[in-house]
Amino acid sequence: MKNLFSPFSLKSINLKNRIALPPLCQFMAEEGVPNDWHFAHYSQIAYGGVGLVIVEATGISSEGRISPKCLGIWNEEQKIAHTKLAKEIKDGGAVAGIQIAHAGRKANSEVPWDGAAHIPQNDPRALEIFGPSAIAFDDKSLTRVPKEMTIEDIKKVQNDFVSAAKNALEAGYEWLELHFAHGYLASSFFSSYANQRTDEYGKDKGKFLLETLKAVREVWPEHLPLTARFGVLEFDDKDEETLEESIELIKKFKENGLDMISVSMGFNTLNTQIPWGAAFMVPFTKKVKNEVNIPVTTAWGLGQSALANNAIINEELDIVMVGKAHFVNPHWTYQAAKELRIEKPERVLPVQYSFWLEKYKV
Ligand code: FNR
Ligand code: 531
2 MKNLFSPFSL
12 KSINLKNRIA
22 LPPLCQFMAE
32 EGVPNDWHFA
42 HYSQIAYGGV
52 GLVIVEATGI
62 SSEGRISPKC
72 LGIWNEEQKI
82 AHTKLAKEIK
92 DGGAVAGIQI
102 AHAGRKANSE
112 VPWDGAAHIP
122 QNDPRALEIF
132 GPSAIAFDDK
142 SLTRVPKEMT
152 IEDIKKVQND
162 FVSAAKNALE
172 AGYEWLELHF
182 AHGYLASSFF
192 SSYANQRTDE
202 YGKDKGKFLL
212 ETLKAVREVW
222 PEHLPLTARF
232 GVLEFDDKDE
242 ETLEESIELI
252 KKFKENGLDM
262 ISVSMGFNTL
272 NTQIPWGAAF
282 MVPFTKKVKN
292 EVNIPVTTAW
302 GLGQSALANN
312 AIINEELDIV
322 MVGKAHFVNP
332 HWTYQAAKEL
342 RIEKPERVLP
352 VQYSFWLEKY
362 KV
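My numbering numbers the first residue of the sequence shown as 2 and each following residue consecutively.
As C-alpha cells, then:
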C-alpha cells in the first residue's frame, strides 16, 4: 500500500516521496532575478527532505508578473540565476520544478504587505495590464481595467509561455507547471466573470488554455513532466456546471500531452463561499482523478502529516502539496516522517545531519 513516503515516478522523473512544495510567491526579486533570498528559501526546504520543489509563479514577461517584486524568466540574466536556483534545489535532494505564469488583469500590483492593490497608472512602475475582456477584477483593490487582448496580443503571450518554457529547460528545471488557476490570465480566459469576448476565445473559453498547453508541449521534452495548476471551480453558485466544464477541458489537456493536474480554485470573483478547512480541495481532486484518470495533486490545508498520508493511502492524491507549513518548518518532511513512524526518519535529512541525529539521542 502506497503512503506519503512511497516514491512516485512521472515520465522519466522519480520523486523520493509524495511531498511537494507548491509554488509560493516570495515577492523578493529585483527585476525578476532570483537572489540570495530565493537560494536560501528554496534550498533549506529542499534539504528538509521534500520530494519536489515547485518554484513560485514566475513571470513569462515583465507585464506578466503579479508584482514588480516577482520572479521572471524572460531574459538571459534571469535564466542564469534560475540555473543556480535549480541546481541548489537539486543539490538539496529534491526535483526542481517551476510554475510559469501571466497574471493578466491581476498583474502590476503592490506586494501583499503593501496592500496588494494595483499600482496606479501614473506610478513609474505602472505597466499595461491585459485580459480577455475590458473587465476589472474588483472595485476595491485590483480596479484597473485591462486592455481587451487582440489576437496579436494572445499570440504574443502564448509565445512568451513557449520561450519561458525553453528558458526553464535550459536553466535545469525538470518539472514545468503552467499557471492556469487563481484568476490570472489563463484562468480568466476560462471564466465568464472575466471573459465576455464574442470571438472564438469567448465562444470556447478553453481555447486559450489548450492552445497554450499544446504550444508548450512542443518545446518541453516528452520525457519531462508537463503539468498545470487549474482552477476547476469558484465556490460560487455555479460549481456543478463549472466543475463539469473543467473536467471536460482536463480530458482535452490529457489528450494533448498534459502529464498531471494540480487542482485548485478559479479566484475569478470575490463573490464566493469557499469552505476553508483542512484538505477541503481533496474531494474535488478525487473526482477529477476518477473521471479523467490522470495523476493528480492539490494543496490547501494539508500540512498535518496524518491528513497528507491518508490522501495518498486512500488514493485520492498522487502527490500532496504542503505550502505554508514549510514557512513554519522547512524540515516538514522530517517532522512528518517522525509523526508517521517511518523507519529511520532522520534519513530524510542530509547525512551531515542524519549521521549525528542517529548517533546521539540527546
Ligand atoms: C500562494 N499560492 C500560490 N499558488 C500558485 O499557484 N502560485 C503561486 O505562486 C502561489 N503563491 C502563493 C504565495 C503565498 C504567500 C501563499 C500563502 C499562497 C497558493 C499556494 O501554492 C497553496 O495552494 C496555498 O498556500 C494553500 O496551501 P497550504 O498553504 O494550505 O499548504
Ligand atoms: C498570494 C497573494 C496574496 C495577495 C496578493 C498576491 C498574491 N496568493 C497567490 C496566488 C494564490 C493565492 C494566494 C497565486 O497563485 C500566485
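Note that beta-carbon positions come from the ideal geometry of N, C-alpha and C, so glycine has one too. Model, not experiment: these values are computed from the prediction.
Residue i beta carbon near the ligand 531 (any heavy atom closer than 7 Å)
{"i": "Pro113", "result": "yes"}
{"i": "His183", "result": "yes"}
{"i": "Ala118", "result": "no"}
{"i": "Ile130", "result": "no"}
Identified DSSP bridge partners for residue i
{"i": "Ala102", "result": "Gly60"}
{"i": "Val321", "result": "Ile20, Thr299"}
{"i": "Ile14", "result": "Leu11"}
{"i": "Glu219", "result": "According to DSSP, Glu219 bridges with nothing at all."}
Three-state secondary structure assigned by DSSP to residue i
{"i": "Thr299", "result": "strand"}
{"i": "Ser306", "result": "helix"}
{"i": "Ile130", "result": "coil"}
{"i": "Ala228", "result": "Before going further, note that residue 228 is Thr rather than Ala in the sequence given. In this structure, Thr228 counts as strand in the three-state DSSP scheme."}
{"i": "Asn76", "result": "coil"}
{"i": "Glu171", "result": "helix"}
{"i": "Ala326", "result": "helix"}
{"i": "Lys345", "result": "coil"}
{"i": "Ile136", "result": "coil"}
{"i": "Lys3", "result": "coil"}
{"i": "Ile67", "result": "coil"}
{"i": "Ala179", "result": "The displayed chain sequence assigns Leu, not Ala, to residue 179. Strand, per DSSP."}
{"i": "Lys148", "result": "strand"}
{"i": "Leu358", "result": "helix"}
Host alpha helix (DSSP H) of residue i (start-end)
{"i": "Phe268", "result": "Taken as a continuous stretch (DSSP letters only), Phe268 belongs to no alpha helix (DSSP H), as it is neither H nor E."}
{"i": "Glu242", "result": "240-256"}
{"i": "His42", "result": "37-48"}
Cβ-heavy atom distance, residue i to the ligand FNR, below 7 Å
{"i": "Gln197", "result": "no"}
{"i": "Gly98", "result": "no"}
{"i": "Lys325", "result": "yes"}
{"i": "Glu317", "result": "no"}
Residue i: first and last residue of the uninterrupted beta strand (DSSP E) it sits in
{"i": "Trp1", "result": "Look at the range of the chain in this structure, 2 to 363, and you will see that residue 1 is not part of it."}
{"i": "Trp277", "result": "From DSSP, Trp277 is part of no beta strand (DSSP E); its letter is neither H nor E."}
Check whether residue i and residue j have beta carbons under 8 Å apart
{"i": "Gln27", "j": "Ile55", "result": "no"}
{"i": "Thr286", "j": "Thr299", "result": "yes"}
{"i": "Thr84", "j": "Ile74", "result": "no"}
{"i": "Val297", "j": "Ala309", "result": "no"}
{"i": "Asn160", "j": "Arg218", "result": "no"}
{"i": "Leu1", "j": "Leu177", "result": "Here the chain comprises residues numbered 2 to 363, so residue 1 is not present and cannot be evaluated."}
{"i": "Leu53", "j": "Val112", "result": "no"}
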